[in-house]
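*Asks:* In my numbering, the protein residues as written are 25 to 530.
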Amino acid sequence: MTSILASRHVSQAIRRNIVSLPARLHSTSAVNRATEEHEPKFLQAVGLFFDEAAKHSNASAETLKHIKSTDSVLSVTFPMEKDGKTVMIRGYRSQHSRHRLPCKGGIRFASEVDLQEVEALSALMTYKCAVVDVPFGGGKGGIMINPKDWTESELERITRRFTLELCQKNFIGPGVDVPAPDVGTGPREMGWIADTYRNFNPQDVNGAACVTGKALSLGGVRGRTEATGLGVYYGIREFLSFPEVQKKINHHGKVQDSSVIIQGFGNVGYWAAKFFEANGARVTGIVEHDVAAYNDKGLNIEELSQWRKEHGTFRGFPDAKIIDNPMDLLEAECDVLIPAALERQIGLRNAHKIRAKLIGEAANGPVTPGADAVLRQNGKVIVPDLLLNAGGVCVSYFEWAKNLSHLRFGRMNKRWDERSKEQLLNLVEGNAGRPLSEVERRQMIHGAEEHELVYSGLEDTMIVACNETRQTANAKNIDYRTAAMANSINKIAASLAGSGSIFTHA
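(1) DSSP three-state call for GLU213: helix, strand or coil?
(2) From SER84 to MET509, what distance separates their C-alpha atoms?
(3) Quick one: grab the DSSP three-state call for ILE285.
(4) Is it right to say SER81 is buried, meaning 16 or more other beta carbons lie within 10 angstroms of its own, or is it exposed?
(5) Look up GLY336 in the DSSP assignment and say whether it is helix, strand or coil.
(6) Is it the case that the segment 204-219 contacts the segment 131-144, given that we only count it when at least three CB pairs across the two stretches are under 8 Å?
(7) By Cβ distance below 6 Å, which residues in the same chain neighbour LYS515 in space, the five residues on each side in sequence not counted?
(8) Leaving out the 5 sequence neighbours to the left and right, which residues in its chain are closer than 6 Å to ARG184 when beta-carbon positions are compared?
(9) Please state the DSSP three-state secondary structure of PHE133.
(10) With H, G and I counted as helix, E and B as strand and the rest as coil, what does DSSP make of LYS193?
(11) In the DSSP output, which residue or residues are listed as bridge partners for VAL311?
(12) If contacts are defined as beta-carbon pairs under 8 Å, then ILE487 and GLU262 qualify, I think. What distance do you get, rounded to the angstrom?
(13) So if DSSP puts GLY161 in a beta bridge, which residue, or which two residues, is it bridged to?
(14) Given this structure, state the Cα-to-Cα distance separating ARG48 from ARG432, to the nearest angstrom.
(15) Is the CB-CB distance between GLY237 and GLY244 below 8 Å?
(16) How is the beta strand (DSSP E) around PRO205 delimited, first residue to last?
(17) For the candidate residues LYS278, VAL311, LEU328, GLU312, whose alpha-carbon lies nearest to that of GLY304?
(18) Mind reading off the beta-carbon distance from PRO64 to PRO393? Whole number of angstroms is fine, and I expect it under 8 Å.
(19) According to DSSP, simplified to helix, strand and coil, what is LEU431?
(20) For ALA204 versus SER420, is the C-beta spacing smaller than 8 Å?
(21) Would GLY522 be called buried (16 or more neighbouring beta carbons within 10 Å of its own) or exposed?
(22) In its own chain, which residues sit with a C-beta less than 7 Å from the C-beta of PHE224, not counting the 5 before and 5 after it?
(23) For ILE347, report the span of its alpha helix (DSSP H) as first-last.
(24) Quick one: is GLY108 buried, meaning 16 or more other Cβ sit within 10 Å of its Cβ, or exposed?
(25) Give the DSSP-derived three-state secondary structure of LEU254 in the structure shown.
(26) Alpha carbon to alpha carbon, how far is PHE422 from GLY457?
(27) Using a Cβ-Cβ cut-off of 7 Å (strictly less than) and excluding sequence neighbours within five positions of PHE266, which residues of its own chain qualify?
(28) Per DSSP, TYR116 forms a beta bridge with which residues?
(29) Going by DSSP, which residues form a beta bridge with ILE516?
(30) According to DSSP, what are the bridge partners of GLY415?
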């Protein structure tokens with residue numbers, strides 16, 4: 025593994041005013057309650073899941089070593105002035121695998137960021153991309169700051185400076201490494217990254233593809249904002265439709281009338297809740313870091329979201345019971361529990377208390393290996409993170425492809441499709457002897473818009489990946505996480521072998 029450390033010189037006078045940022049201990053206080061001290065950290069957990077799946081793969085021992093190891097890591101530090109003092113900012117970028125290029129993965133802003141977390145997330149991205157047949161290697165990045173502690177102008181300077189470091193070390197580019205939003209970042213930060221890259225690479229005609237998750241005005245794609253949450257909905261819908269899952273958890277198999285509890289009300293949790301609500305599910309609980317909101321008849325997601333935006337909390341929301349100890353709601357009875365916050369939220373301390381029938385991992389690594397075993401022993405079905413939350417990287421792939429083609433999806437064929445449908449509809453009307461109403465005609469001949477094509481592509485991707493995972497799990501009599509990981513390993517091994525980069529004989 026290559027390790028690169030970049031640091032800027034600061035004067036002795038400035039050094040006297042440097043403020044050190046705290047090292048990471050746990051993701052949130054909830055982790056302390058959920059996990060035992062002896063449980064493996066995130067990177068170790070990913071490795072344990074990999075090792076178990078490797079037993080069921082077709083890859084050789086040498087190939088498995090290659091796949092598991094991280095290719096390269098960038099660690100940077102740079103000074104930033106804050107309230108008259110100089111704060112040393114630390115950032116990381118990990119490229120886990122370059123078997124397919126570019127590497128792909130988000131950049132998060134959080135005070136809990138550390139090198140181990142970034143490596144673990146980049147490894148998970150490698151496996152995630154392979155599971156859903158997205159032709160990227162895995163990457164991940166992070167800056168160790170709490171974005172709430174910084175002004176917008178300060179965040180812009182931090183983002184641009186980190187991007188400068190990535191440019192200087194060749195850790196960003198449309199064919200090299202393509203970041204995306206993650207915890208604490210969004211379209212705004214991605215726009216700053218894209219602009220900084222463009223200024224350092226003004227002749228790169230494909231420069232917009234250096235980052236995804238951008239605003240539409242900067243080359244983003246319609247549907248990217250809600251992509252991960254929509255992918256979570258598609259994935260859980262598919263697993264609920266499997267007869268063996270219905271039998272195991274004693275469920276009717278429909279999203280409609282299912283009860284859902286979601287931990288986390290950020291981008292992923294909000295959109296997952298919206299799609300479940302829109303398709304007839306009762307979202308009975310939302311768990312946040314301070315409190316949880318519960319209504320057994322179902323929460324109104326939009327009203328709850330607006331209340332939180334106005335008041336900064338769920339407290340006082342009139343149509344819900346507010347639970348002061350939010351982690352208690354993870355243990356409430358429901359059909360589907362969706363951890364959509366951070367890693368290690370279900371551990372050995374609370375796994376045996378989980379009463380949900382199906383756990384859908386919308387977050388990365390929310391269940392520890394020990395908790396995974398306990399949940400499965402208790403008859404729960406777990407839809408793993410590397411499959412379920414792949415909607416974001418899938419639609420990021422669409423955005424990247426759009427930027428490289430310099431063409432909006434649907435622009436070339438929308439009107440042609442509508443004219444073809446209209447001609448066919450005229451024939452049908454003539455034979456039927458009854459003209460359709462104007463509303464019916466518009467519905468029938470409507471050509472797909474960009475977001476509809478994105479939704480369609482994401483739905484097809486999730487259906488195929490879920491069924492591949494199901495087939496492997498049933499054929500080998502293994503759980504869905506192990507099956508998804510084994511499929512991923514086999515696909516990566518095939519890519520490496522096909523490229524001639526692995527020699528099985530000395």
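All C-beta atoms in this analysis are idealised placements derived from N, C-alpha and C, irrespective of residue type, glycine included.
For clarity, every value in this text was computed on a predicted model and none was experimentally measured.
*Replies:* In short:
(1) helix
(2) 15 Å
(3) ILE285 sits in a strand when the DSSP states are folded into three classes.
(4) buried
(5) In the structure shown, the three-state DSSP call for GLY336 is coil.
(6) yes
(7) ALA154
(8) TRP216, THR220
(9) strand
(10) coil
(11) GLN287, ALA316
(12) 6 Å
(13) CYS127
(14) With a pLDDT of only 31 at ARG48, under the threshold of 50, the placement of this residue in the model should not be trusted; the figure read from the coordinates follows. ARG48 and ARG432: Cα-Cα distance of roughly 42 Å.
(15) yes
(16) 201-205
(17) LYS278
(18) A Cβ-Cβ separation of about 6 Å places PRO64 in contact with PRO393 under the 8 Å criterion.
(19) LEU431 carries a coil assignment under DSSP once its states are collapsed to helix, strand and coil.
(20) yes
(21) exposed
(22) CYS191
(23) From DSSP, ILE347 is part of no alpha helix (DSSP H) but of the beta strand (DSSP E) over 345-347.
(24) By the beta-carbon neighbour count (other beta carbons within 10 angstroms, threshold 16), GLY108 is exposed.
(25) helix
(26) 43 Å
(27) ARG494
(28) SER99, GLY166
(29) Paired residue(s): none; ILE516 is not in a bridge.
(30) Paired residue(s): none; GLY415 is not in a bridge.
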